[in-house]
Amino acid sequence: MTYNILISDPLHKEGITPLLNHKDIHVDIHTDLTSEQLVAKIGSYDGLLVRSQTQVTKELLEHARNLKIVGRAGVGVDNIDLDAATERGIIVVNAPNANTNSAAEHTMAMIMALSRKIPQAYFALKNHQWDRKNYVGVELKNKTLGIIGLGRIGTEVAYRAKGQRMKVFAYDPFLSPEKAEKMGIAFGTLEEVLKTSDFITVHTPLMKETKHLINEEAFNLMKPGVQIVNCARGGIIDEEALYKAIISKKVAGAALDVFEKEPIHHHVLLELPEVIATPHLGASTVEAQKNVTIDVSEDVVNFFAGDVVRNP
Ligand code: NAD
Ligand code: MLT
1 MTYNILISDP LHKEGITPLL NHKDIHVDIH TDLTSEQLVA KIGSYDGLLV RSQTQVTKEL
61 LEHARNLKIV GRAGVGVDNI DLDAATERGI IVVNAPNANT NSAAEHTMAM IMALSRKIPQ
121 AYFALKNHQW DRKNYVGVEL KNKTLGIIGL GRIGTEVAYR AKGQRMKVFA YDPFLSPEKA
181 EKMGIAFGTL EEVLKTSDFI TVHTPLMKET KHLINEEAFN LMKPGVQIVN CARGGIIDEE
241 ALYKAIISKK VAGAALDVFE KEPIHHHVLL ELPEVIATPH LGASTVEAQK NVTIDVSEDV
301 VNFFAGDVVR NP
């Protein structure tokens with residue numbers, strides 16, 4: 001029996017070795033398919049491997065008559081219709097641990113770039129302007145970093161921020177204050193964190209409960225001059241509310257790795273000098289991409305061998 005696997009997003013070449021080496025698995029790589037082309041092709045596949053670009057919708061799954069497993073090479077499964085997959089008995093596996101470090105490092109890079117206006121100063125200098133007046137930053141030392149969502153990445157960000165001698169203040173409704181205390185991280189309500197932080201970084205999944213968690217009401221609670229970071233998911237922060245908060249000078253700066261709709265080429269937030277951005281690069285390191293791909297590939301191999309999968 002041969003199992004046909006389709007890889008529809010660019011994944012690390014070496015990471016798929018467990019699939020390529022398996023005698024009963026045949027792999028096709030098609031990373032430029034339109035959603036219509038994918039719908040037309042999916043019927044002949046037993047497994048599908050994606051990153052975050054491919055939208056595994058209900059409609060796609062309705063055409064996936066042989067599909068048994070979807071592997072998500074990364075953490076967020078918000079590009080996969082989990083209810084539709086469950087209805088059809090299709091298992092979804094992800095790789096929740098392998099890009100934690102990269103995402104935490106990217107978050108710290110964004111916080112540091114934001115606080116010292118490095119992208120803006122770089123852009124000016126590349127445009128032949130030696131300007132030292134407009135790019136005065138603020139120190140991180142003794143500033144409060146509010147962390148919303150103290151899971152894998154939020155925790156790693158907390159430890160790194162402490163290394164920068166920041167005060168860390170976290171909110172996570174699913175973590176006990178005792179556990180946060182054991183981790184040496186001060187813990188409060190969402191309102192307390194919003195009211196007291198100089199920098200706020202979000203690290204929750206995108207779900208209906210977290211959609212627009214940072215909205216106009218939340219911005220109203222924040223300190224004037226607060227700086228906002230989102231390296232988690234577009235949509236956790238209400239982009240329109242963020243735009244208004246920057247224009248009104250309530251928010252002094254924002255660093256965004258993710259957007260409500262991706263990919264984007266034009267966006268009003270990108271027109272603002274206070275906003276720095278990267279195109280969803282949080283997990284884009286050689287190490288993370290190799291490891292997330294190995295993790296899901298091994299899970300797919302184990303699944304077809306009838307063995308236990310690690311991250312269903
Ligand atoms: P995780 O599941 O380990 O942590 C998420 C935390 O959010 C949990 O502790 C959970 O209790 C908490 N949470 C849930 N609902 C909440 C709420 N309403 N308010 C506050 N906290 C809440 O996930 P993770 O691996 O740390 O990933 C965090 C986010 O980062 C996810 O959205 C993931 O998709 C994203 N991510 C982005 C990149 C990137 O490339 N930018 C890379 C990796 C992960
Ligand atoms: C994730 O959820 O793992 C991230 O969005 C990383 C990615 O796949 O780009």
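UniProt numbering puts the first residue of the sequence shown at 1, with every later residue one more than the last.
Cβ atoms here follow ideal geometry from the backbone N, Cα and C, with glycine treated the same way.
Confirm, please, whether the CB-CB distance from Gly76 to Arg310 is below 8 Å.
-> no
Going by other Cβ atoms of all chains shown within 10 Å of its Cβ, with 16 needed for buried, is His63 buried or exposed?
-> exposed
Euclidean distance between Cα positions of Cys231 and Ala170 = 16 Å
Beta carbon of Ser197, beta carbon of Thr144: below 8 Å?
-> yes
Are at least three pairs of beta-carbons, each pair with one atom in the segment 173-193 and one in the segment 117-129, less than 8 Å apart?
-> no
Is it true that the CB of Asp295 sits closer than 8 Å to the CB of Thr98?
-> It should be noted that the sequence gives Ala, not Thr, for residue 98. Yes. Within cutoff.
C-alpha distance - Glu38 paired with Leu60, whole-angstrom precision | A small correction: the amino acid at residue 38 is Leu; Glu does not occupy that position in the sequence shown. So the two alpha carbons sit approximately 8 Å from each other.
Please indicate yes or no: does the CB of Gly253 lie closer than 7 Å to some heavy atom of ligand 1?
-> no
Residues surrounding ligand 2 [beta-carbon distance to nearest heavy atom under 6 Å] = Arg51, Ser52, Gly74, Val75, Gly76, Asn99, His280, Gly282, Ala283
Can Phe199 and Gln227 be called in contact, C-beta distance under 8 Å?
-> yes
Exposure of Met166, with buried meaning 16 or more beta-carbon neighbours within 10 Å | buried
State buried or exposed for Val50, treating a residue as buried only when at least 16 other CB atoms are found within 10 Å of its CB.
-> buried
Report yes if the C-beta of Phe187 is less than 7 Å from at least one heavy atom of ligand 1; otherwise report no.
-> no
Kindly indicate if chain D contains any beta-carbon less than 8 Å away from that of Leu194.
-> Judged by its chain identifiers, the structure shown contains no chain D, having just a single protein chain.
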